[in-house]
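Chemist:
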């Protein structure tokens with residue numbers, strides 16, 4: 004294409020020169036300009052192609068499923084787990100003659116990523132593969148002995164979002180423990196952390212509040228990939244019985260990368276995590292939706308990007324949030340009406356969160372500041388009407404009761420975050436030996 008363009012321009016200008024309309028210097032100038040455009044275009048294409056990474060599943064396929072040949076496989080996945088060309092890991096395993104896929108295990112939101120927390124957790128036969136599907140949620144978050152009886156290897160391939168309270172890494176670690184208890188091998192196929200591999204922030208882990216939403220001693224935002232977390236779970240003896248663990252790392256991923264830097268398509272992980280920005284907003288506002296007085300955009304077309312409540316003046320609220328001068332974000336006043344959920348059809352006032360620099364913004368600071376400002380605007384604690392059971396769930400979701408108690412005491416957000424610094428620094432040091440990818 005570039006050569007054809009060059010020939011056309013060259014021929015056109017020569018024809019003009021025959022008629023003595025232009026001088027030779029202009030001819031050379033235009034040819035030089037066209038050459039420069041072609042060079043820049045080629046460099047841009049090369050750079051664009053270089054950003055595409057190979058996921059763990061791509062590496063496994065490239066190596067012809069080495070280590071899994073002839074073995075009976077249980078695959079922990081959903082249809083958001085695709086290779087760099089958009090083909091699902093389930094399909095790749097199902098059609099691979101080297102392995103024998105015998106069962107599918109699914110995380111929260113199910114195989115098709117569109118379920119709710121109220122969906123059925125009963126096992127069933129998948130009509131596409133004719134294989135048994137075992138949902139790992141509800142009362143059964145860990146594979147049972149019976150589920151693993153006919154399996155040699157469990158393979159984990161799920162896209163995490165980089166936040167401790169998202170349950171996929173809990174699913175992974177509990178399945179690792181089940182594999183260890185039953186003498187099964189365990190493979191982890193790696194995927195990027197969409198928040199990047201350098202961001203470490205947020206609430207420390209308190210073992211007293213351990214739950215399916217907070218299984219491992221990692222910060223709220225940990226900056227690690229599934230393979231790295233799996234290595235840490237084994238290495239730090241966080242499970243009672245460790246399996247024989249095989250990690251399949253990515254190629255070309257680096258810690259500074261956000262999702263937009265990977266060259267990969269984003270696949271929805273749930274009805275609310277529909278684009279590559281969703282993990283950032285989830286980290287900010289997911290816990291706010293646990294209050295009966297607050298909405299975090301669930302029930303609208305902007306899940307996690309809106310925060311509101313009834314009887315809130317959005318203009319005052321957004322103005323006060325912007326006065327906080329949180330770097331790299333701003334807040335736009337909005338009225339909105341959720342079309343499903345606990346606020347269906349009700350008028351809510353609040354703000355839309357706008358992140359200006361995804362690599363630098365402090366996500367937890369935004370979430371805590373929103374909660375604190377809501378306490379001021381409502382002139383009451385948004386968590387005050389929770390039952391004892393709901394309060395316990397809120398604390399277990401956050402992995403600590405510290406946030407609730409310190410905000411109620413009137414402590415400022417920065418002072419709360421300052422208390423976390425020793426834990427975060429210790430974690431950064433502890434995680435070093437489990438990191439698989441370079442920093443800048």
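In the working numbering, the protein residues as written are 4 to 443.
Quick reminder that beta carbons are idealized off the backbone N, C-alpha and C, glycines included.
1) Can you name the start and end residues of the alpha helix (DSSP H) that residue 319 belongs to?
2) Indicate whether the contact test is met: 3 or more Cβ pairs, each with one atom in the region 104-116 and one in the region 77-94, closer than 8 Å.
3) For residue 315, which option in 305, 190, 329, 337 has the closest C-alpha, if you only look at C-alpha atoms?
4) Taking 7 Å as the limit between beta carbons, can you name the residues of its chain near residue 438, skipping five residues before and five after?
5) Among residues of its own chain, excluding the 5 on either side of residue 310, which ones have a beta-carbon nearer than 8 Å to its beta-carbon?
6) Sort 259, 327, 255 by Cα distance to residue 62 and report the nearest one.
7) Per DSSP, residue 109 is paired with what?
8) Specify the secondary structure class of residue 148 as computed by DSSP and reduced to three states.
9) Given this structure, state the Cα-to-Cα distance separating residue 323 from residue 431, to the nearest angstrom.
10) Can you grab the Cα-Cα spacing for the pair residue 306 / residue 271, in whole Å?
11) From residue 240 to residue 327, what distance separates their C-alpha atoms?
12) Figure out for me which residue from 101, 147, 293 has the closest Cα to the Cα of residue 393.
13) Using the three-state DSSP reduction, which class does residue 426 fall into: helix, strand or coil?
14) How many Å lie between residue 53 and residue 280 at the Cα?
15) Between which two residues does the beta strand (DSSP E) containing residue 197 stretch?
16) Taking buried to mean at least 16 other C-beta atoms within 10 Å of its own C-beta, is residue 345 buried or exposed?
17) Spell out whether any CB of chain D is found under 8 Å from the CB atom of residue 227.
18) Under the DSSP definition of a beta bridge, which residues are partnered with residue 354?
19) From the DSSP secondary-structure annotation, give me the bridge partner or partners of residue 189.
20) Whose C-alpha, out of 181, 138, 202, 156, is nearest the C-alpha of residue 261?
21) With distances taken between CB atoms, is the gap from residue 76 to residue 96 smaller than 8 Å?
22) Decide if residue 57 is buried, meaning its Cβ has at least 16 other Cβ atoms within 10 Å, or exposed.
23) For residue 139, which of 197, 172, 131, 405 has the nearest alpha-carbon?
24) Tell me, please, which residues DSSP counts as bridged to residue 254.
25) Within this structure, are the beta carbons of residue 163 and residue 268 separated by less than 8 Å?
26) By Cβ distance, which residues of its chain are closer than 8 Å to residue 257, with the 5 residues on each side in sequence left out?
27) Nearest-angstrom Cα distance between residue 435 and residue 251?
28) When we look at the beta-carbon of residue 427 and count the other beta-carbons within 10 Å, is it buried (16 or more) or exposed?
29) Mapping the DSSP letters down to three states, classify residue 284 as helix, strand or coil.
30) Between the Cα of residue 214 and those of 70, 141, 198, spot the shortest distance and give me the residue it belongs to.
31) In this structure, how does DSSP classify residue 203 when only helix, strand and coil are distinguished?
32) What is the DSSP secondary structure of residue 217, counted as helix, strand or coil?
33) Around the C-beta of residue 348, are 16 or more other C-beta atoms found within 10 angstroms, so that it is buried, or is it exposed?
34) Let me know the secondary structure DSSP gives residue 276 once reduced to three states.
35) For residue 143, which three-state DSSP category applies?
Modeler: Checking against the coordinates, here is how it stands:
1) 317-326
2) yes
3) 337
4) 231
5) 288, 291, 297, 298, 299, 300, 353, 354, 356, 373, 377
6) 255
7) 138
8) helix
9) 34 Å
10) 13 Å
11) 42 Å
12) 293
13) helix
14) In this prediction, residue 53 has a pLDDT of 46, which is less than 50 and means its spatial position is unreliable; nothing more can be read from the coordinates.
15) Here residue 197 belongs to no beta strand (DSSP E), and DSSP marks it neither H nor E.
16) exposed
17) Looking for chain D here will not work: only one protein chain is present.
18) 310, 336
19) 157, 248
20) 202
21) yes
22) buried
23) 172
24) 57
25) no
26) 200, 440, 441, 442, 443
27) 18 Å
28) buried
29) helix
30) 141
31) coil
32) strand
33) exposed
34) coil
35) strand
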